[in-house]
Every structure is written in structure tokens, then in C-alpha cells.
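Chemist:
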Amino acid sequence: MTTKRRALLLGLDGATYDLLDAYCDRGLMPGFARWRSEGASGILESTNPPTTPPAWSTCVTGKNPGKHGVYDFRESFHQDRDRPLITGRSIRSRKIWDLLADVGRRSCITNFPVSYPAEEVDGVFVCGMMTPDGQADFAWPPGETERLLAKIPGYEANIDIPKYDVDQLEGARGFLDDLDASLDARIAAFWHYWEQEEWDFYFPTFVFHDRLGHLFWKYMVTGEGFDDHSHTSVVRPRIEAMYKRFDDMLVRVLDERPDDLTVFMCSDHGFGSTHTFFEVNAWLESLGLLVLKGKGRLRSRAFYKAMEIGERDAVKALIPGKLQHGIRQRIRNTRSSFKNDLAEAIDWSKTKAFFPSVPVQGILICRDVVRSQAEYDQVRDRIHRELKALKGPDGGAVVDQTWNREDLYRGPYLKYAPDVLFVAQDYATLGRPTLGAKEWFRDSRGTANGFHRMGGVWMAHGEGIAAGAAVDGAAIRDVTPTVLHAMGEPIPDDMDGHVLTDSFEEEWLKAKPIRYVEAARYDGPGEYAHSDEDAAALTERLRGLGYVD
Ligand SMILES: [Zn+2]
404 MTTKRRALLL GLDGATYDLL DAYCDRGLMP GFARWRSEGA SGILESTNPP
454 TTPPAWSTCV TGKNPGKHGV YDFRESFHQD RDRPLITGRS IRSRKIWDLL
504 ADVGRRSCIT NFPVSYPAEE VDGVFVCGMM TPDGQADFAW PPGETERLLA
554 KIPGYEANID IPKYDVDQLE GARGFLDDLD ASLDARIAAF WHYWEQEEWD
604 FYFPTFVFHD RLGHLFWKYM VTGEGFDDHS HTSVVRPRIE AMYKRFDDML
654 VRVLDERPDD LTVFMCSDHG FGSTHTFFEV NAWLESLGLL VLKGKGRLRS
704 RAFYKAMEIG ERDAVKALIP GKLQHGIRQR IRNTRSSFKN DLAEAIDWSK
754 TKAFFPSVPV QGILICRDVV RSQAEYDQVR DRIHRELKAL KGPDGGAVVD
804 QTWNREDLYR GPYLKYAPDV LFVAQDYATL GRPTLGAKEW FRDSRGTANG
854 FHRMGGVWMA HGEGIAAGAA VDGAAIRDVT PTVLHAMGEP IPDDMDGHVL
904 TDSFEEEWLK AKPIRYVEAA RYDGPGEYAH SDEDAAALTE RLRGLGYVD
């Protein structure tokens with residue numbers, strides 16, 4: 404016999420134990436510490452690469468990217484050469500809330516990052532980071548956007564990062580003000596739906612961990628050369644105050660948790676420092692695998708030079724902050740989309756391989772040029788060899804590991820994956836697509852930026868959960884099967900993830916054995932494409948996070 408239970412899954416974009424544990428040790432996060440000691444927890448391995456679009460898509464499907472087809476904020480070059488931005492419908496699989504709807508259970512999903520337009524769920528759906536700016540309608544059912552805004556005026560589905568130049572203290576303060584307001588609105592929305600909605604599954608995502616990590620990681624941690632930086636004394640206390648407010652929410656969740664509710668927390672990836680940017684396309688150009696058009700070459704060289712000069716400390720000291728910001732924005736605005744940048748500058752009749760974007764962290768082989776299987780194998784082998792032989796600025800090896808796509812993914816959408824993937828110094832050396840760089844490596848120790856790591860967060864708390872258990876070997880694909888099982892529902896047999904049995908008490912598991920069902924046929928999500936205007940605005944925001952150049 405199974406007992407139906409409800410579940411809360413708190414999504415924390417980019418949360419890492421590296422920071423949370425340090426905050427716990429200092430007594431800043433008593434709620435998190437209590438959750439950890441009373442519940443089960445462990446490191447949650449992300450997708451490879453550990454980036455937001457594939458990781459969250461895997462989280463809600465229980466499947467590897469080869470079965471849902473999301474590898475980037477854009478559709479794959481292997482699918483559509485124009486690479487439109489993804490929408491919620493780019494996840495080509497049933498999601499946990501679809502599975503729950505099939506058995507008559509209601510969901511409330513807020514701020515899921517790979518969403519827009521709002522999905523017509525049985526319950527409530529409020530969109531997240533793929534929502535275009537100023538979009539009047541970002542929630543389901545009809546009228547929900549108005550109801551939410553009436554309750555929480557100023558609630559925004561997303562935050563506009565590009566309007567701030569966070570290198571300037573004034574810009575950093577402005578950004579933190581916005582992030583503060585957004586966090587408060589989301590905490591208010593969290594309690595609103597906690598109290599007002601009849602849900603069986605509640606899945607709100609919080610993104611401040613990720614936004615802070617991208618822009619301010621080195622201010623947040625010690626020993627990265629930023630401890631005495633003039634911004635640190637301003638930025639660090641404000642960040643800690645945000646984590647504290649989030650923790651107050653965790654305390655109240657544990658205090659008020661009804662008996663029939665199991666609560667889970669997961670993050671899509673961890674965070675760490677970046678030390679070096681690796682301009683992969685410049686490197687591919689030097690190998691003769693990527694060829695720029697004459698005009699594209701001149702333009703991208705000029706652009707790169709201007710960026711390089713603009714980022715020098717001496718130049719920063721001379722030019723007033725506002726003016727610098729204006730100049731940088733003007734430079735960036737000339738490069739507004741994939742079409743204008745890579746697509747127009749690259750000579751596609753001669754290019755065999757290119758690096759499309761930061762979230763992909765992999766190289767695509769152009770099958771229009773590399774036609775035969777023999778040549779494909781040869782180009783791919785060469786890329787592996789050259790990556791492994793690559794020496795960094797200090798003369799040492801840079802690349803830790805390389806993979807063919809079939810080593811990492813399987814399923815009908817393997818064909819959209821990058822052909823070769825790699826990781827360099829555990830993502831402290833970060834691959835970027837910028838064209839026109841004269842040197843392949845650029846020192847990024849002077850910027851506060853961080854980037855993702857493989858290790859995310861997994862925590863569970865409630866009846867049947869093993870108190871204080873350390874969960875080993877958890878991966879993000881395991882989240883959906885584990886939550887389904889905790890709710891008393893069977894697991895479809897097409898998932899790659901498994902129930903994280905270490906999270907549960909042995910007795911509870913014995914009484915409630917895991918059940919599997921044949922997966923229902925998936926008929927596809929239907930079509931949706933962002934308008935050109937929306938796409939341009941979204942691209943600008945992703946650029947603010949360093950996802951697009
Ligand atoms: Zn993320």
C-alpha cells in the first residue's frame with residue numbers, strides 16, 4: 404500500500420556547500436544547518452557541463468540531455484543554424500509536473516529557469532529567467548499575473564543586469580538593491596503560494612545565489628585576492644544579509660512543515676572562481692579549423708582590442724565610470740545576437756569546428772564541411788589531441804579531460820549535442836567564444852567573476868527521511884524519481900535517474916517499495932518562438948551574466 408504525500412522542492416540556482424557550510428560555521432544560516440542535521444544531504448552532481456539550461460532540464464525530467472535536447476540558452480546549431488533562444492517548450496520530454504498531472508495531482512511552479520511561456524498546468528505556473536522584459540503575462544492560469552502583482556507589487560519574473568556596471572561601486576550597489584528587492588518579492592511570493600494554493604507539488608526556484616556568484620564570487624569567499632578590495636567591505640555584508648533572509652525562510656519552513664509534506668532542496672550546479680578565460684575560437688582559428696571572413700576578421704579584431712583597452716586598470720582610472728559604462732555598452736550593442744557575431748564573422752564554407760557559447764563548453768563540428776565519417780573522426784581525434792596537448796599561460800597542461808558526446812549523452816537528441824566536450828582546470832579556466840582574440844588565454848584574476856562547478860546541493864527533510872544521513876553519489880537526474888517516490892508515485896521506466904535511497908529510512912523504504920511504470924508516449928510540446936524584440940532583450944540579459952559575448 405502506498406501513502407500519498409506532498410512535496411516541496413526548493414530550487415536554488417547555483418547554491419554550493421562551499422559557501423553554505425562556511426556560513427553555517429559562522430552561525431549565519433541556522434535554518435540550513437538544522438535542515439542538514441535533521442535531514443539527509445549530499446553533494447548533487449550536475450550535468451556535464453554544469454550549466455543552467457541542461458542542468459535544470461535534467462532536474463525536472465530525470466533524463467540526460469540526450470533525451471530532452473537542451474544544451475544551451477539557444478537551440479543547437481546542429482538543429483537550427485540561426486540558433487533561436489530556447490523557450491520552456493525546448494525541453495522535449497515530460498516533466499515532473501506533467502507526470503503528476505497524469506495521476507491527478509496539482510503543482511505550483513514558480514520561477515523555473517527554463518520556462519516561458521507559462522505552462523497550462525493543473526495548478527499555478529509563474530515563469531522564470533526566459534521571460535522577456537516587461538512581459539505583461541508570465542503566469543498561468545489566466546489572471547494569475549494580475550493576482551500575483553496585486554498581492555506583491557513589483558514582482559518581476561527576472562532582473563535586468565546589463566544596466567549596471569558592477570565594476571563601479573555605484574553600479575554594484577544598484578545591482579544589489581535590485582537583487583534585494585527581487586529576493587524579498589520572491590520570498591513574499593513563496594509564502595503567498597505556500598498559504599493560498601492547494602498544491603501537491605510546490606517547486607519555487609531562487610536565483611540570487613547564481614547571480615551573486617557570477618558577478619561577485621571573489622568578494623564572497625576569502626583567499627581569492629579580494630579580501631582587501633575596496634568593494635568587499637560594502638558588498639560582502641549585503642550578500643550575507645541576503646543569505647540570512649533566505650535562511651529565515653528555511654527556519655519557518657521547517658517550523659511550519661505539515662506532517663504530510665516532505666521538503667527537498669536542490670541546486671543545478673555549484674560555484675567557484677575563474678582565473679583564466681580561454682578564447683576557444685581564436686585557438687581553433689590558429690589550428691586552421693575555424694576561418695573568419697575578411698571583413699569579420701577586421702571587425703572582431705577591432706572589437707576585441709577596444710574591450711581589452713577598456714578593461715585595463717589604467718584606462719579605468721582615467722575615464723569616469725559613467726562614460727566607461729557607456730562606451731562598453733556601445734561596443735556590446737554592435738554585437739547583439741548570434742547572427743551578428745559568430746554567424747556573420749565566420750566563413751561557413753571553410754570552417755570545420757567552432758565553440759558556440761559559454762553554457763555549451765564544447766566544440767561543434769560543422770557537418771556541411773566535414774562530410775565523410777572518416778574526416779569527422781579525424782577532425783574529432785585531432786581536437787582531442789590538441790586540447791590535451793594545450794599549454795596554459797604558465798606552461799602547464801590546462802585541459803583536465805575531454806569527451807566525445809556519446810560518452811556523456813544518449814537518446815534521440817544526442818544529435819544536437821556538441822561533438823567534443825572538455826573541462827579545463829575544473830572550470831577555473833573558462834572557455835569563451837569571443838572572436839578576434841590575439842591570445843588564447845586571458846587572465847581573469849582581476850575580476851570578481853565566478854563560474855559553475857559540478858557539485859550542487861541536495862537536502863531532504865520530513866517523514867521517512869533518514870535524519871543526519873550523508874547521501875553519496877547523488878546526481879541531478881535523480882531529483883525527479885526521488886521526489887516522485889517520496890510522494891508515493893511510480894517512476895516511469897524511461898528515466899536515467901534513480902531514487903536516492905540513502906535519503907530515506909530503511910524501514911520506510913521497506914514499507915514503500917519503489918514502483919516503476921511504463922513511460923507514456925511523449926507527443927511533443929508544440930511550437931513557441933520568442934519575438935525578435937523579446938529575443939534581443941533576453942540576449943542582453945544573458946550577456947550581463949557572461950553567458951553570451
Ligand atoms: Zn544555474
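Residues 404 to 952 in the numbering used here are what the sequence shown spells out, letter by letter. Glycine is no exception: its CB is placed at the ideal position from the N, C-alpha and C atoms. Being a predicted model, the structure only gives us computed values, none of them experimental.
Taking the alpha helix (DSSP H) that TRP500 falls in, what are its first and last residues?
Modeler: Locating residue 500 in the sequence shown gives position 97, where the first residue counts as 1. Counting along the chain, the alpha helix (DSSP H) containing TRP500 begins and ends at 499-505.
Chemist: Would you mind giving the Cβ-Cβ distance between VAL772 and TYR779, rounded to the nearest angstrom? I have them listed as a contact below 8 Å.
Modeler: As a first step, residue 772 must be located in the sequence shown, where it is residue number 369. As a first step, residue 779 must be located in the sequence shown, where it is residue number 376. In fact, because the Cβ distance is near 10 Å, the residues do not count as touching under 8 Å.
Chemist: May I have a chain-ordered list of the beta strand (DSSP E) segments no shorter than 3 residues that lie completely inside the region 857-927?
Modeler: Fully enclosed beta strand (DSSP E) runs of 3 or longer: 858-864.
Chemist: Pick helix, strand or coil for VAL656, following the three-state DSSP scheme.
Modeler: Your numbering for residue 656 matches position 253 in the sequence shown. Here VAL656 sits in helix by DSSP.
Chemist: Taking only the alpha-carbon atoms, compute the straight-line gap between LEU412 and SER752 and give it to the nearest angstrom.
Modeler: To locate residue 412, count along the sequence shown from 1; it is residue 9. To locate residue 752, count along the sequence shown from 1; it is residue 349. Using only the alpha carbons, I get a separation of about 48 Å.
Chemist: What first and last residue would you give for the beta strand (DSSP E) that runs through SER444?
Modeler: Against the sequence shown, residue 444 aligns to sequence position 41. Note, SER444: beta strand (DSSP E), 443-448.
Chemist: Cβ of TRP620 within 8 Å of Cβ of ALA851?
Modeler: Here residue 620 refers to the residue found at position 217 of the sequence shown. Here residue 851 refers to the residue found at position 448 of the sequence shown. Contact flag set, yes.
Chemist: For ligand 1, list every residue whose C-beta falls under 6 Å from any of its heavy atoms, going in chain order.
Modeler: Matched residues: ASP416, GLY417, THR455, ASP613, ASP671 and HIS672.
Chemist: Can you tell me where the beta strand (DSSP E) with ASN514 in it begins and where it stops?
Modeler: Residue numbering aside, residue 514 sits at position 111 when the sequence shown is read from its first letter. It spans 510-515 - the beta strand (DSSP E) in which ASN514 sits, taken as one unbroken run.
Chemist: Counting pairs of beta carbons, one from the region 807-824 and one from the region 414-427, are three or more of them closer than 8 Å?
Modeler: No contact exists between the region 807-824 and the region 414-427.
Chemist: So, do the region 663-672 and the region 417-434 have three or more beta carbon pairs nearer to each other than 8 Å?
Modeler: Contact holds: three or more Cβ-Cβ distances are below 8 Å.
Chemist: In terms of residue numbering, what span does the alpha helix (DSSP H) encompassing ARG550 cover?
Modeler: Here residue 550 is taken as the residue at index 147 of the sequence shown, counted from 1. Element bounds for ARG550: 547-554.
Chemist: If you draw a straight line from the alpha carbon of GLY626 to that of ASP525, how long is it in whole angstroms?
Modeler: Residue 626 sits at position 223 when you count from the first residue of the sequence shown. Residue 525 sits at position 122 when you count from the first residue of the sequence shown. Cα-Cα distance, rounded: 48 Å.
Chemist: Going by other Cβ atoms of all chains shown within 10 Å of its Cβ, with 16 needed for buried, is GLN776 buried or exposed?
Modeler: Locating residue 776 in the sequence shown gives position 373, where the first residue counts as 1. Classification of GLN776: exposed, given that the 10 Å Cβ count is below 16.
Chemist: What residue range does the beta strand (DSSP E) around GLY673 cover?
Modeler: On the sequence shown, position 270 is the one that residue 673 refers to. Where GLY673 is concerned, the enclosing beta strand (DSSP E) stretches over 673-676.
Chemist: Which of the three DSSP states is assigned to ARG735 in this structure?
Modeler: As a working note, residue 735 is residue 332 in the sequence shown. With a pLDDT of 48 at ARG735, under the threshold of 50, the modelled position of this residue cannot be trusted, and the question is left open.
Chemist: Are at least three pairs of beta-carbons, each pair with one atom in the region 427-447 and one in the region 746-766, less than 8 Å apart?
Modeler: These segments do not touch.
Chemist: List the endpoints of the continuous beta strand (DSSP E) containing TYR605.
Modeler: To locate residue 605, count along the sequence shown from 1; it is residue 202. Segment 604-609, the beta strand (DSSP E) holding TYR605.
Chemist: Short check: CB of PRO453 to CB of ARG856, under 8 Å?
Modeler: Here the question's residue 453 lines up with position 50 in the sequence shown. Here the question's residue 856 lines up with position 453 in the sequence shown. Contact flag set, yes.
Chemist: Between which two residues does the alpha helix (DSSP H) holding TRP459 run?
Modeler: Numbered from 1 along the sequence shown, position 56 holds the residue referred to as residue 459. It spans 455-464 - the alpha helix (DSSP H) in which TRP459 sits, taken as one unbroken run.
Chemist: In angstroms with no decimal places, state the Cα-to-Cα distance between ALA831 and ASP846.
Modeler: Locating residue 831 in the sequence shown gives position 428, counting from the first residue. Locating residue 846 in the sequence shown gives position 443, counting from the first residue. Those two C-alpha atoms are separated by around 11 Å.
Chemist: So what's HIS787 in DSSP terms, helix, strand or just coil?
Modeler: Against the sequence shown, residue 787 aligns to sequence position 384. Looking at HIS787 - three-state DSSP - the assignment turns out to be helix.
Chemist: On the three-state DSSP scale, how would you describe THR625?
Modeler: Residue numbering aside, residue 625 sits at position 222 when the sequence shown is read from its first letter. Coil.
Chemist: Considering just the uninterrupted stretch of the beta strand (DSSP E) at PHE541, what are its terminal residues?
Modeler: Counting from 1 along the sequence shown, the entry for residue 541 is found at position 138. Neither: PHE541 is in no beta strand (DSSP E) and is coded neither H nor E.
Chemist: Give the DSSP-derived three-state secondary structure of CYS530 in the structure shown.
Modeler: The sequence position of residue 530 within the sequence shown is 127, counting from 1. In this structure, CYS530 counts as strand in the three-state DSSP scheme.
Chemist: Could you pull the start and end residues of the beta strand (DSSP E) that TRP806 belongs to?
Modeler: If you number the sequence shown from 1, residue 806 lands on position 403. Its beta strand (DSSP E) spans residues 802-807.
Chemist: In the structure shown, what three-state DSSP assignment does ALA746 receive?
Modeler: In the sequence shown, the residue the question calls residue 746 occupies position 343. The answer is helix: DSSP assigns ALA746 an H, G or I state.
Chemist: Using the beta-carbon count (16 or more within 10 Å), is VAL386 buried or exposed?
Modeler: Given that the chain is displayed from residue 404 to residue 952, the structure contains no residue 386 and the question cannot be resolved.
Chemist: Leaving out five residues before and five after GLY442 in sequence, what residues of the same chain have Cβ atoms less than 6 Å from its Cβ?
Modeler: In the sequence shown, counting from the first residue as 1, residue 442 sits at position 39. So the list reads MET862, ALA863, HIS864 and ILE868, once near-sequence residues are dropped.
Chemist: So for VAL569, helix, strand or coil by DSSP?
Modeler: Working through the sequence shown from its first residue, we reach residue 569 at position 166. Residue state, collapsed to three classes: coil.
Chemist: Buried or exposed for LYS794, please, with buried defined as at least 16 other CB atoms from any protein chain shown within 10 angstroms of its CB.
Modeler: On the sequence shown, residue 794 is found 391 positions in, with the first residue counted as 1. By the 10 Å Cβ count, LYS794 comes out exposed.
Chemist: Determine the direct distance from the alpha carbon of PRO516 to that of THR406, and round the result to whole angstroms.
Modeler: Stepping through the sequence shown from its first residue, residue 406 is reached at position 3. Stepping through the sequence shown from its first residue, residue 516 is reached at position 113. Near 31 Å, if we compare the C-alpha coordinates of PRO516 and THR406.
Chemist: Could you check how far apart the C-beta atoms of VAL823 and THR805 are, in whole angstroms? I think they sit under 8 Å.
Modeler: Residue numbering aside, residue 823 sits at position 420 when the sequence shown is read from its first letter. Residue numbering aside, residue 805 sits at position 402 when the sequence shown is read from its first letter. Right, their Cβ atoms sit about 6 Å apart.
Chemist: Would you please state the rounded distance, in angstroms, between the beta carbons of ARG589 and PHE609? I believe it to be under 8 Å.
Modeler: Numbered from 1 along the sequence shown, position 186 holds the residue referred to as residue 589. Numbered from 1 along the sequence shown, position 206 holds the residue referred to as residue 609. The pair is a contact, with the Cβ atoms about 6 Å apart (cut-off 8 Å).
Chemist: VAL802 and ALA820 - do their beta-carbons sit closer together than 8 Å?
Modeler: As a working note, residue 820 is residue 417 in the sequence shown. As a working note, residue 802 is residue 399 in the sequence shown. Cβ atoms of ALA820 and VAL802: not closer than 8 Å.
Chemist: Would you identify the three-state DSSP class for THR850, choosing helix, strand or coil?
Modeler: The residue you call residue 850 lines up with position 447 of the sequence shown. The answer is coil: DSSP assigns THR850 none of H, G, I, E or B.
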